[in-house]
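Numbering (the numbering used here), first residue to last: 5 to 232. In this text, a Cβ means the ideal position worked out from N, Cα and C, and glycines have one as well.
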Ligand SMILES: Nc1nc2c(c(=O)[nH]1)N[C@H]1C(S)=C(S)[C@@H](COP(=O)(O)O)O[C@H]1N2
Ligand SMILES: [Mo]
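Below, the structure written as structure tokens:
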């Protein structure tokens with residue numbers, strides 16, 4: 005039997021979607037309270053690096069990503085509210101490579117097991133550090149062959165395809181290394197890991213339960229975003 009290429013968990017599978025997801029085109033989305041906040045990208049952004057580090061610092065965005073090898077990846081974005089945008093063409097740098105350079109520069113504590121990423125709109129989400137260091141987690145500055153548009157997270161966003169969309173923070177402006185999980189903006193509605201494959205939609209109650217709730221809530225949240 006012929007063996008196919010190795011498939012990573014976040015890679016799109018043609019014709020197949022994770023449990024409970026429905027394909028749609030990409031439109032700006034997020035928590036309802038951020039629907040009217042679309043921060044204009046500042047001319048010069050410095051990313052703050054704080055938390056479980058010896059030397060908290062601020063690094064100009066270009067410096068943070070310029071020296072890394074550029075990556076391209078096609079992956080899906082799966083929102084917990086059951087929509088999936090398929091085969092998005094992201095370009096940027098591997099979060100792991102940025103992290104490796106940062107760890108030395110800021111003197112990262114060995115005990116840091118989580119990373120909280122914050123956006124210019126005040127939104128933040130926390131990922132388990134080893135999840136964030138996976139082969140398909142990018143800090144992306146281009147989408148579908150063009151600079152990342154403001155609506156999808158300019159100047160820089162996280163892309164974590166194996167995790168629900170609430171972990172893929174847009175407008176990244178701060179990285180906080182942590183010893184413990186912090187629920188972030190989605191609070192109880194988020195799951196510490198948020199793995200799509202395991203349908204970790206929320207830390208409370210199983211995924212299939214939340215499918216029903218989120219599918220019912222989706223039109224109202226959509227309206228808030230489309231109203232802008
Ligand atoms: N800064 C910021 N990042 C965010 C959000 C947000 O409200 N603010 N929403 C998250 C959620 S729930 C989803 S599904 C995706 C949506 O990405 P899109 O707006 O590019 O469709 O962004 C994620 N990242
Ligand atoms: Mo989402």
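Sequence-distant residues of the same chain with beta carbon closer than 6 Å to residue i, five excluded per side
| i | result |
| --- | --- |
| residue 3 | Since the first residue shown for the chain is 5 and the last is 232, residue 3 is missing from the structure and cannot be characterised. |
| residue 93 | 78, 148 |
| residue 136 | 99, 119 |
| residue 227 | none |
| residue 173 | 121, 123, 129, 162 |
| residue 63 | 51 |
Nearest residue (CA-CA) to residue i, options the options
| i | options | result |
| --- | --- | --- |
| residue 144 | 65, 42, 128, 34 | 65 |
| residue 39 | 155, 80, 211 | 155 |
| residue 33 | 134, 171, 217 | 171 |
| residue 97 | 207, 138, 127 | 138 |
| residue 103 | 37, 67, 146, 231 | 67 |
| residue 117 | 134, 44, 74, 212 | 134 |
| residue 105 | 72, 132, 127, 76 | 72 |
| residue 46 | 175, 127, 229 | 175 |
Range covered by the beta strand (DSSP E) that runs through residue i
| i | result |
| --- | --- |
| residue 78 | 74-82 |
| residue 26 | 26-28 |
| residue 100 | Premise fails: residue 100 lies in the alpha helix (DSSP H), 99-110, not in any beta strand (DSSP E). |
| residue 160 | Per DSSP, residue 160 belongs to no beta strand (DSSP E) and is neither H nor E. |
| residue 2 | It is not possible to answer for residue 2, since the shown part of the chain is limited to 5 through 232. |
| residue 145 | 142-147 |
| residue 55 | 50-55 |
Residues near residue i by beta carbon distance below 7 Å, same chain, minus five either side
| i | result |
| --- | --- |
| residue 4 | Lying outside 5 to 232, the shown extent of the chain, residue 4 is not represented and no answer is given. |
Residue i, enclosing alpha helix (DSSP H) - first and last residue
| i | result |
| --- | --- |
| residue 230 | 211-231 |
| residue 67 | 65-70 |
| residue 135 | 133-136 |
Own chain partners of residue i with C-beta closer than 8 Å, once the 5 adjacent residues on each side are dropped
| i | result |
| --- | --- |
| residue 218 | 84, 85, 86, 205 |
| residue 5 | Any reading at residue 5 is ruled out, since the residue's pLDDT is 36, under 50, leaving its predicted position unreliable. |
Any non-hydrogen atom of ligand 4 within 7 Å of residue i CB
| i | result |
| --- | --- |
| residue 99 | Among the ligands present in this structure, namely ligand 1 and ligand 2, ligand 4 is not found. |
Contact the region 19-28 vs the region 150-165: 3+ CB pairs below 8 Å
The region 19-28 is not in contact with the region 150-165.
Cβ contact (3+ pairs, closer than 8 Å) linking the region 156-166 and the region 218-228:
With contact defined as three or more Cβ pairs closer than 8 Å, the region 156-166 and the region 218-228 are not in contact.
For the region 20-39 and the region 85-92, state whether three or more C-beta atom pairs, one from each stretch, are separated by less than 8 Å.
Yes: the two stretches touch, three or more of their Cβ pairs being nearer than 8 Å.
Any contact of the region 112-128 with the region 166-186, i.e. 3+ C-beta pairs under 8 Å?
Result yes; three or more Cβ-Cβ pairs closer than 8 Å.
Tell me, please, whether the region 185-194 touches the region 97-116 by the rule of three or more beta-carbon pairs shorter than 8 Å.
Fewer than three Cβ pairs drawn from the region 185-194 and the region 97-116 lie within less than 8 Å of each other, which leaves the two stretches out of contact.
Output the residue ranges of the beta strand (DSSP E) runs that lie fully inside the region 170-207 and measure 3 residues or longer, sorted by chain position.
Counting only runs of 3 or more, we get 176-182.
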